[in-house]
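Asks: Going by our numbering, the sequence shown opens with residue 5, and the numbers climb by one from there. Even glycine gets a Cβ: it sits at the ideal position worked out from N, Cα and C. Remember, predicted model here, so these are calculated numbers, not experimental data.
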Amino acid sequence: MITLTPRDLEETKQFLQNSIKALDHLLKMGLEGVGPLKSAVDLARTYEEDPKLKSKGERISALAQRELKKTFAGGFVTSLGGLISLPIAIPASMAVAWVLQIRMVGAMAHLGGFDLNEPPVRTAIALCLLGKRGKELVESDFVEIQRKLAQGQFYGVPKKTWLLLNQQVVKRLMLLSSQKGFTRLSKAIPLAGGLVGGTLDFLAAKETYEFALELFNFEGTSMPQPL
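If you want it as structure tokens, here you go:
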């Protein structure tokens, strides 16, 4: 049996606190913009003002189609990587990918009429980063959370529930950031690693998009076509 010393417990507590701060920082950058990246609301307005897009579903689908293509663009890592400073070590490519996904889901949520300043909405956006794992995390509470979001009844859910959910999201994201199997491949075979990395980023972003559609209960949207 493993026994944790007071120092171990304090370090674990400090890591969790820093991880929560890191997630808050990623959310802030994704939703409010950073460097050349405009805010989620400004991104959404681009589609709101497009006369060719007649419905909320068309706007969300068009937005996702374009944003998912960006997951293949390594230029964002170069332009944004140096602007992202976090209290814990996360690979720059992963941090940038999360910022882009947060911005995409945030813009979708704005188009759907959600207030991005509401803490529960921000927690829901972070939950989307987990994709299928997000639904597994909330399990039987998924339908209830979905209903509360749709009805704007955030305060019907105890604050402690949102806090615990936020902590669980952080733990899962930190676990994902520590999985480095494909990092070794990219070092050994740079070109293949880049292609694999781009494909994985696209699939992760697509899963985030699919889960956001379900969690926020967007209607009239279609899946983006393969690139």
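1. Is it true that the CB of A26 sits closer than 9 Å to the CB of G37?
2. Between the Cα of Q150 and the Cα atoms of D205, P55, A113, L177, which residue gives the shortest distance?
3. If I'm right that M135 touches F215 with Cβ under 8 Å, what's the distance once you round it to whole angstroms?
4. What do you get for N170, buried or exposed, if any count of 16 or more other CB atoms within 10 angstroms of its CB means buried?
5. Starting from the Cα of W102, find the closest Cα among D54, K74, K152 and give me that residue.
6. Quick one: residues in its chain with C-beta nearer than 6 Å to the C-beta of F118, no 5 flanking neighbours on either side, listed in chain order?
7. Nearest to L168 by CA position, among L133, K139, T127, L204, is which residue?
8. State the Cα-Cα distance for the pair P194 and A96, rounded to the nearest angstrom.
9. What did DSSP end up calling L133 once you bin it into helix, strand or coil?
10. Please state whether DSSP places L120 in a helix, a strand or coil.
11. Count the other CB atoms, across all protein chains shown, that sit within 10 Å of the CB of V2; report buried if there are 16 or more and exposed otherwise.
12. Under the assumption that A99 contacts L31 (Cβ atoms under 8 Å), give the Cβ distance between them as a whole number of angstroms.
13. Out of R70, A48, M33, R63, point me to the one whose CA is closest to A209's CA.
14. Helix, strand or coil for L41, going by three-state DSSP, please let me know.
15. Using a Cβ-Cβ cutoff of less than 6 Å, which residues in the same chain neighbour V173 once the five nearest sequence positions on both sides are dropped?
16. Which residues in the same chain as L35 place their Cβ atom closer than 6 Å to its Cβ, once the five residues preceding and following it in sequence are excluded?
Replies: In this structure, then:
1. As a working note, residue 37 is residue 33 in the sequence shown. As a working note, residue 26 is residue 22 in the sequence shown. No. Outside cutoff.
2. In the sequence shown, counting from the first residue as 1, residue 150 sits at position 146. That would be A113, whose Cα lies nearest to the Cα of Q150.
3. What you label residue 135 is simply residue 131 of the sequence shown in a count that begins at 1. What you label residue 215 is simply residue 211 of the sequence shown in a count that begins at 1. According to the sequence displayed, residue 135 carries Gly and not Met. The Cβ separation is near 5 Å, so the contact holds.
4. Reading the sequence shown from its first residue, position 166 is the one you call residue 170. N170 should be labelled buried.
5. As a first step, residue 102 is located in the sequence shown; it is residue number 98 there, counting from the start. The shortest Cα separation from W102 among D54, K74, K152 belongs to K74.
6. What you label residue 118 is simply residue 114 of the sequence shown in a count that begins at 1. These residues qualify, in order along the chain: V125.
7. Your numbering for residue 168 matches position 164 in the sequence shown. It is T127 whose Cα lies nearest to the Cα of L168.
8. As a working note, residue 194 is residue 190 in the sequence shown. As a working note, residue 96 is residue 92 in the sequence shown. Because the pLDDT of P194 is 42, which lies under 50, any placement of that residue in the model is unreliable, and the number read from its coordinates should be weighed accordingly. For P194 and A96, the distance between alpha carbons rounds to 17 Å.
9. One-based indexing of the sequence shown puts residue 133 at position 129. Note: L133 maps to coil in three-state DSSP.
10. By 1-based counting over the sequence shown, the position of residue 120 is 116. Here L120 sits in coil by DSSP.
11. Residue 2 lies beyond the residue range present for the chain, which begins at 5 and ends at 231; the question has no answer from this structure.
12. Taking the first residue of the sequence shown as 1, we reach residue 99 at position 95. Taking the first residue of the sequence shown as 1, we reach residue 31 at position 27. About 12 Å separates the two Cβ atoms, so there is no contact after all.
13. Taking the sequence shown and counting its residues from 1, the one referred to as residue 209 is at position 205. Looking at the Cα atoms, R70 is the closest of the given residues.
14. As a working mapping, residue 41 is identified with position 37 in the sequence shown. Note: L41 maps to strand in three-state DSSP.
15. Within the sequence shown, residue 173 is the residue found at index 169, counting from 1. Excluding residues within five positions, the ones whose Cβ falls inside 6 Å are A130, L131.
16. As a working mapping, residue 35 is identified with position 31 in the sequence shown. For L35, where only same-chain residues beyond five positions count, the Cβ hits under 6 Å are A44, G110, L120.
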